[in-house]
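*Asks:* First to last, the protein sequences are chains B and C.
Note that our numbering gives residue 192 to position 192 of the first sequence, counting from 1, and the numbers run on in steps of one.
Note that our numbering gives residue 1217 to position 217 of the second sequence, counting from 1, and the numbers run on in steps of one.
Beta carbons: idealized from backbone N, C-alpha and C, even for Gly.
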Amino acid sequence: MIIEAIIINGLMLGAIYSLLALGFTLIYGVSGVVNMAHGSLFMLAAYVFFVFTFQFPIGIFWASIVAVLATGIFGSILYRLLINPIINDEVAVLVVTVCAALILEQAVILQFGSYRKAVPSFVAGYVEILGVKVTYSMILAFIASLILFLILGIFLSKSKVGRAMRAVSQDREAAMLIGINTERLCMMTMAISAAIASIAGILITASKTGIAYPDMWQHPLYLSFAIVILGGLGSIKGTPIGAFIIAYAELAFMYLVPGAMSLAGAVVMAVMVLVLLIRPKGLFGKRIEME
Amino acid sequence: MVKRYFRAAYLSFLVHVVDIPPRFFAFLIFIIFLLFPITGPPESILLMMIIANLMAIYGASWDLLVGRTGQISLGHALFFGIGAYATALLYVYLNLQPWATIFIAALIGFVIALLIGFPCLRVKGPYLALVTMAFPLIMTGVVYYFKDITGGERGIYGIPRLFPFLNYNQQRFAEYYFTLILMLISSIIIYKIANSKTGIVFLSILDDELASKACGINVTKYKIMAFAISGLFASLAGAVNAHILSSASAASFTLTISFMPVIITIFGGIGTIYGPISAAYVLQILDRYLLYKVINVSTEWRTIIYVVIVIVLILKWPRGIARTAVDKLKDLEEARPVEVVYKKMKKKEESSGGSIHAPS
Chain B
1 MIIEAIIING LMLGAIYSLL ALGFTLIYGV SGVVNMAHGS LFMLAAYVFF
51 VFTFQFPIGI FWASIVAVLA TGIFGSILYR LLINPIINDE VAVLVVTVCA
101 ALILEQAVIL QFGSYRKAVP SFVAGYVEIL GVKVTYSMIL AFIASLILFL
151 ILGIFLSKSK VGRAMRAVSQ DREAAMLIGI NTERLCMMTM AISAAIASIA
201 GILITASKTG IAYPDMWQHP LYLSFAIVIL GGLGSIKGTP IGAFIIAYAE
251 LAFMYLVPGA MSLAGAVVMA VMVLVLLIRP KGLFGKRIEM E
Chain C
1001 MVKRYFRAAY LSFLVHVVDI PPRFFAFLIF IIFLLFPITG PPESILLMMI
1051 IANLMAIYGA SWDLLVGRTG QISLGHALFF GIGAYATALL YVYLNLQPWA
1101 TIFIAALIGF VIALLIGFPC LRVKGPYLAL VTMAFPLIMT GVVYYFKDIT
1151 GGERGIYGIP RLFPFLNYNQ QRFAEYYFTL ILMLISSIII YKIANSKTGI
1201 VFLSILDDEL ASKACGINVT KYKIMAFAIS GLFASLAGAV NAHILSSASA
1251 ASFTLTISFM PVIITIFGGI GTIYGPISAA YVLQILDRYL LYKVINVSTE
1301 WRTIIYVVIV IVLILKWPRG IARTAVDKLK DLEEARPVEV VYKKMKKKEE
1351 SSGGSIHAPS
């Protein structure tokens, strides 16, 4: 019973987590930016979704579309204004993106207050698979994640922009030489990354937690770190693997060790540190550097 | 005899401090810091300056690690929090005096930095940044899990103040001078380390790790050394902070505390050591005095204004305010001799009858 619950829930959770970390790894792979505001984009989407389902109800579907578009635009503005001028300074980028995250958090508190807001779920009800209760919205989130992954895979391998992105991530200078406008491309990547983060945000808040609150950006941020580092920074194919490892580790710990809810985050991080001890560049990280 | 020593000290003061504009300026500010409690400031201002003293140590410790060796740590809250919890637990379970607990807490920070340094420093760049960030989170989980020992979310209260024998107002004064002197000693030690032979090795690791390795430097040893020294001072700041606030809580492990030294250092000028020290005061005064006392805006707006100022300064002055200021002051110094020479030349010209050409 417990084993089945872990397997099925882990499958769902892993798919959503991989979506969450995908945007993070994408922007790192293409432009080398460690985007600490990734969780904030997630939060922004959840709040925009909340506004357009409760304060100005326009239907759940349209609300999600608006949230994704708004977050995407916000992400590209963020890149243009704050990250682009200091793109070469790694530490400064970290600081500036954290600052952006803090500003967003405070802005959300000013606008919505610091208490929790309920967010509607997509569909009500649940189904039993192998004796494990799984809500429909969880299944919806799972399927949506899979479809998005597929779309992104096709986009990266087939479309012109996607191929340009891969070119930039392989060699920035060479990509510039063959006429790719790297600056614009990075901005576009940031928009896509933000859009993916926002989809993850809507899916997770609407189907899993059901609440939005001002410091909800921290947990997803840490999760994406752990996942991305496990899979290897900038590695798209490593992301889902890292996500499933993290999801299964978290669930196994929560189901098997009683009263250890507060340790869940710590376990995720400990798994990450352990894997890094064995493989310093993550499971699928670039191994170009000579030792 | 005594007079001669005083004279020698005075002369070396003239040569090493007064003649170098940045140092003279720093000396003046230090005198102001030394004298300002005499004007009888309210307790909140004193507390602000005490915290600023501790933040200066904390920021300088981060700068030694990141600015000098290039090993980015985003989890310095680990050491800060460990300092706080170590001093609190040592008091609660062993009932030691503050002096002892602070000292032992700093040593514990040193040892933990050594232990963590070995695995952490296997990874590089952004990996290292994110891995170090994981440790405070792990500690938060541990603190919440072992509620009976650590007090869980409430933390540990009632840690004795540093000077329990004084009355309330005197305590703050004493703490102010204690932290000021502690800051001075720590920053001198950090500065000396940064500019010693070891510090030069640190810089070589920052510049090119592979090349330093090729020169026969044991890179791992020096990296861990930097990590441990940094951890020592960070937990020192954390331990003293716990005594000042007389509590230790899991709030010391948050992202905000981790990013405090990062913001301070970038703001002041990374890799300078004096940068974070001066920026700690500037930012503390900006946040706690200008925004909170003078303008008196709400907490949310205060954070937003503070953060926006930091962002704008990073974008406009990526070299940091302290470094820019010191460069300006140094220009002053270099300008002086040239002017003197120029004046002398002019005088010569006038005396030789308005022509530099010798009469044929």
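For I241 of chain B, go through chain C and note every residue whose CB falls closer than 9 Å to its CB, in chain order.
*Replies:* Your numbering for residue 241 of chain B matches position 241 in the first sequence. Here the premise fails: no neighbours, minimum Cβ distance about 17 Å.
*Asks:* If you draw a straight line from the C-alpha of Y213 of chain B to the C-alpha of R1023 of chain C, how long is it?
*Replies:* The residue given as residue 213 of chain B occupies position 213 in the first sequence. The residue given as residue 1023 of chain C occupies position 23 in the second sequence. The alpha-carbon atoms of Y213 of chain B and R1023 of chain C are separated by roughly 48 Å.
*Asks:* Which of the three DSSP states is assigned to V127 of chain B in this structure?
*Replies:* Sequence index remark: in the first sequence, residue 127 of chain B carries index 127 (1-based). It is a strand residue.
*Asks:* Compute the distance between the beta-carbons of S1235 of chain C and A1088 of chain C, then report whether it is under 9 Å.
*Replies:* On the second sequence, residue 1235 of chain C is found 235 positions in, with the first residue counted as 1. On the second sequence, residue 1088 of chain C is found 88 positions in, with the first residue counted as 1. It is not a contact, given that the beta carbons lie outside the stated cut-off.
*Asks:* With respect to the beta strand (DSSP E) encompassing L134 of chain B, which residues constitute its N-terminal and C-terminal limits?
*Replies:* Taking the first residue of the first sequence as 1, we reach residue 134 of chain B at position 134. According to the sequence provided, residue 134 of chain B is Val. The question's Leu does not apply to it. Element bounds for V134 of chain B: V132 to T135.
*Asks:* Quick one, which residues of the region 77 to 96 of chain B are near chain C if we go by CB-CB under 8 Å, in chain order?
*Replies:* Hits within the stretch, in order: L82, P85, I86, D89, E90, V91, A92, L94, V95 and V96.
*Asks:* Is there a Cβ from chain C that is less than 9 Å from the Cβ of A249 of chain B?
*Replies:* The residue you call residue 249 of chain B lines up with position 249 of the first sequence. Closer than 9 Å: no.
*Asks:* Please decide whether K237 of chain B counts as near chain C, where near means a Cβ-Cβ distance under 9 Å.
*Replies:* Along the first sequence, read from residue 1 onward, the residue named residue 237 of chain B stands at position 237. No, K237 of chain B lies away from the interface with chain C (no Cβ there is under 9 Å from its Cβ).
*Asks:* Jot down the residue ranges of each uninterrupted alpha helix (DSSP H) in the region 1254 to 1294 of chain C, minimum 4 residues, whole runs only, in chain order.
*Replies:* Those alpha helix (DSSP H) runs which fall completely within the region 1254 to 1294 of chain C and span 4+ residues are 1255 to 1268 and 1274 to 1284.
*Asks:* Do we get a CB-CB distance below 9 Å when we pair T1140 of chain C with the residues of chain B?
*Replies:* As a position in the second sequence, residue 1140 of chain C is number 140, starting the count at 1. Closer than 9 Å: yes.
*Asks:* Give a yes or no on whether 9 Å exceeds the smallest Cβ distance from Y213 of chain B to chain C.
*Replies:* Within the first sequence, numbered from 1, the residue matching residue 213 of chain B stands at position 213. Answer no: the Cβ-Cβ gap between Y213 of chain B and chain C never drops below 9 Å.
*Asks:* For a cutoff of 9 Å on Cβ pairs, would you count V1310 of chain C as touching chain B?
*Replies:* As a working note, residue 1310 of chain C is residue 310 in the second sequence. Chain B contact via Cβ: present.
*Asks:* For G39 of chain B, return the contacting residues in chain C, with the cut-off set at a CB-CB distance below 8 Å.
*Replies:* Here residue 39 of chain B corresponds to residue number 39 of the first sequence, with the count starting at 1. The contacting residues do not exist; G39 of chain B stays about 10 Å from chain C at best.
*Asks:* Nearest CA to the CA of T1063 of chain C: which residue from C:P1098, C:N1169, C:Y1191 and C:I1050?
*Replies:* Mapped onto the second sequence, residue 1063 of chain C falls at position 63. Before going on, a small fix: residue 1063 of chain C reads as Asp here, not Thr. The candidate whose alpha carbon is nearest that of D1063 of chain C is C:Y1191.
*Asks:* Using a Cβ-Cβ distance under 9 Å, would I1229 of chain C count as near chain B?
*Replies:* Residue numbering aside, residue 1229 of chain C sits at position 229 when the second sequence is read from its first letter. So no, I1229 of chain C is outside the interface.
*Asks:* How far does the alpha helix (DSSP H) with D1207 of chain C in it reach, from first residue to last?
*Replies:* Counting from one through the second sequence, the residue named residue 1207 of chain C turns up at place 207. Note, D1207 of chain C: alpha helix (DSSP H), K1197 to D1207.
*Asks:* Please classify A63 of chain B as buried or exposed, where buried requires at least 16 other C-beta atoms within 10 Å of its C-beta.
*Replies:* The residue you call residue 63 of chain B lines up with position 63 of the first sequence. Buried, since its Cβ has 16 or more Cβ neighbours within 10 Å.
*Asks:* When you compare the CB of M216 of chain B with every CB in chain C, is at least one pair closer than 9 Å?
*Replies:* Reading the first sequence from its first residue, position 216 is the one you call residue 216 of chain B. By this cut-off, M216 of chain B is not an interface position.
*Asks:* To the nearest angstrom, how far is the alpha carbon of H38 of chain B from that of Y1168 of chain C?
*Replies:* Your numbering for residue 38 of chain B matches position 38 in the first sequence. Your numbering for residue 1168 of chain C matches position 168 in the second sequence. Near 46 Å, if we compare the C-alpha coordinates of Y1168 of chain C and H38 of chain B.
*Asks:* Compare the C-beta of R1004 of chain C against all C-beta atoms of chain B and say whether one is closer than 9 Å.
*Replies:* Stepping through the second sequence from its first residue, residue 1004 of chain C is reached at position 4. With 9 Å as the cut-off, R1004 of chain C does not count as an interface residue toward chain B.
*Asks:* If we define contact as Cβ-Cβ less than 9 Å, is I989 of chain C a contact residue for chain B?
*Replies:* The structure shown does not extend to residue 989 of chain C, since chain C is modelled only from 1001 through 1360, so no value can be given for it.
*Asks:* Taking the alpha-carbon of F1146 of chain C as reference, which of C:Y1085, C:V1282 and C:S1212 has the nearest alpha-carbon?
*Replies:* Walking along the second sequence from the start, residue 1146 of chain C turns up at place 146. It is C:Y1085 whose Cα lies nearest to the Cα of F1146 of chain C.
*Asks:* So what does DSSP say about A175 of chain B, is it helix, strand or coil?
*Replies:* In the first sequence, counting from the first residue as 1, residue 175 of chain B sits at position 175. It is helical.
*Asks:* Fully enclosed by the region 1125 to 1169 of chain C, which alpha helix (DSSP H) runs are 4 residues long or longer?
*Replies:* Runs of the alpha helix (DSSP H) inside the region 1125 to 1169 of chain C: 1125 to 1145 and 1147 to 1150.
*Asks:* State the DSSP-derived secondary structure class of S118 of chain B, mapped to helix, strand or coil.
*Replies:* Numbered from its first residue, the first sequence carries residue 118 of chain B at position 118. Residue 118 of chain B is actually Ala in this sequence, not Ser. Correct three-state label for A118 of chain B: strand.
*Asks:* Which residue from C:P1126, C:M1260 and C:T1198 puts its Cα closest to that of M1225 of chain C?
*Replies:* Taking the second sequence and counting its residues from 1, the one referred to as residue 1225 of chain C is at position 225. If we check each option's Cα against that of M1225 of chain C, C:T1198 comes out closest.
*Asks:* Tell me the DSSP secondary structure of I1050 of chain C in three-state form.
*Replies:* Residue numbering aside, residue 1050 of chain C sits at position 50 when the second sequence is read from its first letter. The answer is helix: DSSP assigns I1050 of chain C an H, G or I state.
*Asks:* Kindly say whether Y1168 of chain C, judged by its beta-carbon, lies nearer than 9 Å to any beta-carbon of chain B.
*Replies:* Within the second sequence, residue 1168 of chain C is the residue found at index 168, counting from 1. No, no contact with chain B.
*Asks:* What are the start and end residues of the alpha helix (DSSP H) that includes G1081 of chain C?
*Replies:* The count along the second sequence starts at 1 and reaches residue 1081 of chain C at position 81. From DSSP, the alpha helix (DSSP H) with G1081 of chain C extends over A1077 to L1089.
*Asks:* Under three-state DSSP, which class holds A37 of chain B?
*Replies:* On the first sequence, position 37 is the one that residue 37 of chain B refers to. Correct three-state label for A37 of chain B: coil.
*Asks:* Output yes or no for whether 9 Å exceeds the beta carbon distance between S31 of chain B and A101 of chain B.
*Replies:* Position 31 of the first sequence, counting from 1, holds the residue named residue 31 of chain B. Position 101 of the first sequence, counting from 1, holds the residue named residue 101 of chain B. Cβ atoms of S31 of chain B and A101 of chain B: not closer than 9 Å.
*Asks:* The alpha helix (DSSP H) with Q218 of chain B in it runs from where to where?
*Replies:* In the first sequence, the residue the question calls residue 218 of chain B occupies position 218. Note, Q218 of chain B: alpha helix (DSSP H), Q218 to G231.
*Asks:* Starting from the beta carbon of L1315 of chain C, find every residue of chain B whose beta carbon is closer than 7 Å, and list them in chain order.
*Replies:* Position 315 of the second sequence holds residue 1315 of chain C. P85 and I86, listed in chain order.
*Asks:* So, helix, strand or coil for S1247 of chain C, using DSSP?
*Replies:* Against the second sequence, residue 1247 of chain C aligns to sequence position 247. Strand, per DSSP.
*Asks:* In chain order, what residues of the same chain have a beta carbon less than 6 Å from the beta carbon of Y1091 of chain C, not counting five sequence neighbours either side?
*Replies:* Translated into the one-based positions of the second sequence, residue 1091 of chain C becomes position 91. Closer than 6 Å at the Cβ level, and outside the excluded window around Y1091 of chain C, lie T1101 and I1159.
*Asks:* Check this for me: beta carbons of I1112 of chain C and L1078 of chain C, under 9 Å apart or not?
*Replies:* On the second sequence, position 112 is the one that residue 1112 of chain C refers to. On the second sequence, position 78 is the one that residue 1078 of chain C refers to. Result yes, Cβ atoms of I1112 of chain C and L1078 of chain C sit closer than 9 Å.
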